[in-house]
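Report on the following structure.
Residue numbers (the numbering used here), protein chains in the order written: chain A, 921 to 980; chain B, 95 to 483.
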């Protein structure tokens, strides 16, 4: 199953990913980001992340 | 923190602070919640504002200003510099002074402010927003309000929670990279905008001087253009070719909505302002002043609505109407203009610059340039008619 993973070392918590997420699947606080199970792997966040902190992974 | 306020503002940026300040000035109780520990940080902004617009909302404090700007230079792909004639003065701000300064004004007007307070949901009752859920100090609180004002920025979710679609397509979001760097030896009172479809596709590169060789050097490209190459990759190439001596002090990433406005910016008990309402000039990406103007209107309408005892969508729509009159119409024109500019190739841009340089500098306005571009690319005349009518 495909899943979006985020790299804590690259992420700057800027919220650009949240703004293009059609599913409201991203929780962003001051210093944490979480992709919830509402995610449909549309890839918008992966394409737009200025720091390339998001990537798609095959899991399970 | 009490368990009830007349108005809760979510987000402590310039739009939020202005909404809080003007609502508090109307005499109602206001709580402003900021998710970060410090208002004004981290700065995610090129920090440019116009004097006239800013002055229309607040008295300008000289401590907020890093550099006065008198000149706008547009630089074509081949490096031709076109100086735009303008009487308007602008500033490059220090947002880390400016944002807390505005929050202090909101506080002086009577607003309560809490930082490190993360709003993770709205309280809803019968299709009306009645407050927020907020996490702070390791606990979750429910705080009631007659009106919630979403000033929660580009990453806004407040509107969505009330059923307003605010997410954007990749083409309508700019993804941005910026450094604040020393040894950027350009004319200090000029902003420099570099246009090129190859070096900054569907966007532009900027140099905004902050005085004494310090400058914000950045880029915004559309999310669509960033599929294959990140804005940082473009930015570092630009620095290498144009400013190899740059010494980087700060690096920042961020997104700017260059989108149409949401179908609505009010709901029962809810208003959206600033980046959350996409109140950003879609061509320039500038949104500080427009957001503050919206914050002012929203705060005033919210205050009066509470005094009148009516906070339904119909009553709050006064804010949307006043916003349309003040800035909304311009926004629509700029959105169309953005699409036009995006469609210009490097050759179109260079040809336009060449002709523009023959226009006397004092007559070289943005509109004049636009007309020149049209002559270069008649195929876009249809698009242009849409923009100008």
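Note that the Cβ used here is the ideal one computed from N, Cα and C, for glycine as well.
Could you give the first and the last residue of the continuous beta strand (DSSP E) run that contains residue i?
i, result
"residue 954/A", "953–955"
"residue 341/B", "341–351"
"residue 161/B", "159–163"
"residue 239/B", "233–244"
"residue 978/A", "974–978"
"residue 177/B", "175–178"
"residue 213/B", "212–219"
Taking residue i as part of the alpha helix (DSSP H), name the residues at either end of that continuous run.
i, result
"residue 446/B", "440–450"
"residue 193/B", "189–202"
"residue 112/B", "108–119"
"residue 98/B", "Here residue 98/B belongs to no alpha helix (DSSP H); instead the beta strand (DSSP E) covers 98–104."
"residue 229/B", "Taken as a continuous stretch (DSSP letters only), residue 229/B belongs to no alpha helix (DSSP H), being part of the beta strand (DSSP E) at 222–230."
"residue 968/A", "964–968"
"residue 254/B", "252–255"
Any idea which residues DSSP pairs residue i with across the strands?
i, result
"residue 373/B", "For residue 373/B, which the question treats as bridged, DSSP gives no partner whatsoever."
"residue 144/B", "184/B"
"residue 207/B", "126/B"
"residue 293/B", "BP columns for residue 293/B are empty, so no partner."
"residue 169/B", "175/B and 288/B"
"residue 460/B", "DSSP, once it has assigned bridges, lists no residue as partnering residue 460/B."
"residue 366/B", "244/B"
"residue 925/A", "975/A"
"residue 495/B", "As displayed, chain B neither begins before 95 nor continues past 483, which places residue 495/B out of reach and without an answer."
"residue 302/B", "310/B"
"residue 360/B", "365/B"
For residue i, which residues in the same chain have their Cβ closer than 7 angstroms to its Cβ, ignoring the five residues on either side in sequence?
i, result
"residue 114/B", "103, 124, 126, 200, 205 and 393"
"residue 118/B", "124, 200, 203, 204 and 205"
"residue 143/B", "184, 185, 187, 382 and 383"
"residue 948/A", "933, 935 and 938"
"residue 190/B", "134, 135 and 137"
"residue 268/B", "297, 314, 315, 316, 349, 350, 352 and 379"
"residue 175/B", "167 and 169"
"residue 294/B", "288, 313, 315 and 328"
"residue 253/B", "244, 260, 356, 366 and 370"
"residue 232/B", "none"
"residue 140/B", "272, 300, 302, 310 and 312"
Residues in its own chain within less than 6 angstroms of residue i by CB, not counting five upstream and five downstream?
i, result
"residue 375/B", "428"
"residue 401/B", "none"
"residue 412/B", "395"
"residue 194/B", "133 and 134"
"residue 397/B", "117, 120 and 122"
"residue 436/B", "296"
"residue 953/A", "926 and 931"
"residue 465/B", "none"
"residue 299/B", "288, 313 and 332"
"residue 284/B", "165 and 167"
"residue 389/B", "109, 112, 113 and 367"
"residue 147/B", "383"
"residue 192/B", "158"
What does residue i touch in chain C if you count any residue whose Cβ is under 7 angstroms from its own?
i, result
"residue 944/A", "Although the question refers to chain C, the structure presented lacks it and instead comprises the protein chains A and B."
Could you pull out every residue in the same chain whose Cβ sits closer than 8 angstroms to the Cβ of residue i, ignoring the five residues on either side in sequence?
i, result
"residue 483/B", "Only weak support exists for where residue 483/B lies, its pLDDT of 49 falling under 50; the value from the coordinates is given anyway. There are no such residues."
"residue 273/B", "310, 311, 312, 329, 333, 340, 342, 343, 344, 345 and 346"
"residue 291/B", "171, 438, 439, 440 and 443"
"residue 215/B", "226, 227 and 255"
"residue 944/A", "958"
"residue 460/B", "178"
"residue 319/B", "295, 296 and 297"
"residue 97/B", "235, 236, 237 and 238"
"residue 221/B", "362"
Exercise. Looking at C-beta atoms only, is the number of pairs between the segment 407–415 of chain B and the segment 357–366 of chain B that lie closer than 8 angstroms three or more?
Worked result: yes
Problem set entry | Runs of alpha helix (DSSP H) wholly within the segment 306–331 of chain B (minimum 4 residues, chain order) | none
Exercise. At what residue ranges does the segment 257–287 of chain B contain a whole run of the beta strand (DSSP E), taking only runs of 3 or more?
Worked result: For the beta strand (DSSP E) assignment, the uninterrupted runs of no fewer than 3 residues enclosed by the segment 257–287 of chain B are, from N- to C-terminal side, 267–276.
Exercise. Quick one: complete alpha helix (DSSP H) runs, 4+ long, within the segment 387–424 of chain B?
Worked result: 407–417
Exercise. If we count Cβ pairs, one from each stretch, closer than 8 angstroms, do we get three or more for the segment 924–940 of chain A versus the segment 344–351 of chain B?
Worked result: yes
For this session: Count the C-beta pairs between the segment 152–162 of chain B and the segment 272–279 of chain B that are closer than 8 angstroms, then say yes if the count reaches three, no if not.
Result: no
Exercise. Which ranges would you report for the alpha helix (DSSP H) in the segment 929–954 of chain A if only whole runs of at least 4 residues count?
Worked result: 936–939
Problem set entry | Cβ pair count under 8 angstroms reaching 3, the segment 413–421 of chain B against the segment 225–240 of chain B | Between the segment 413–421 of chain B and the segment 225–240 of chain B, the count of Cβ pairs shorter than 8 angstroms is below three; the stretches do not touch.
Exercise. Is it a yes or a no for the segment 173–182 of chain B touching the segment 313–329 of chain B, going by three-plus beta-carbon pairs under 8 angstroms?
Worked result: Under the Cβ criterion (8 angstroms, minimum of three pairs), the segment 173–182 of chain B does not count as touching the segment 313–329 of chain B.
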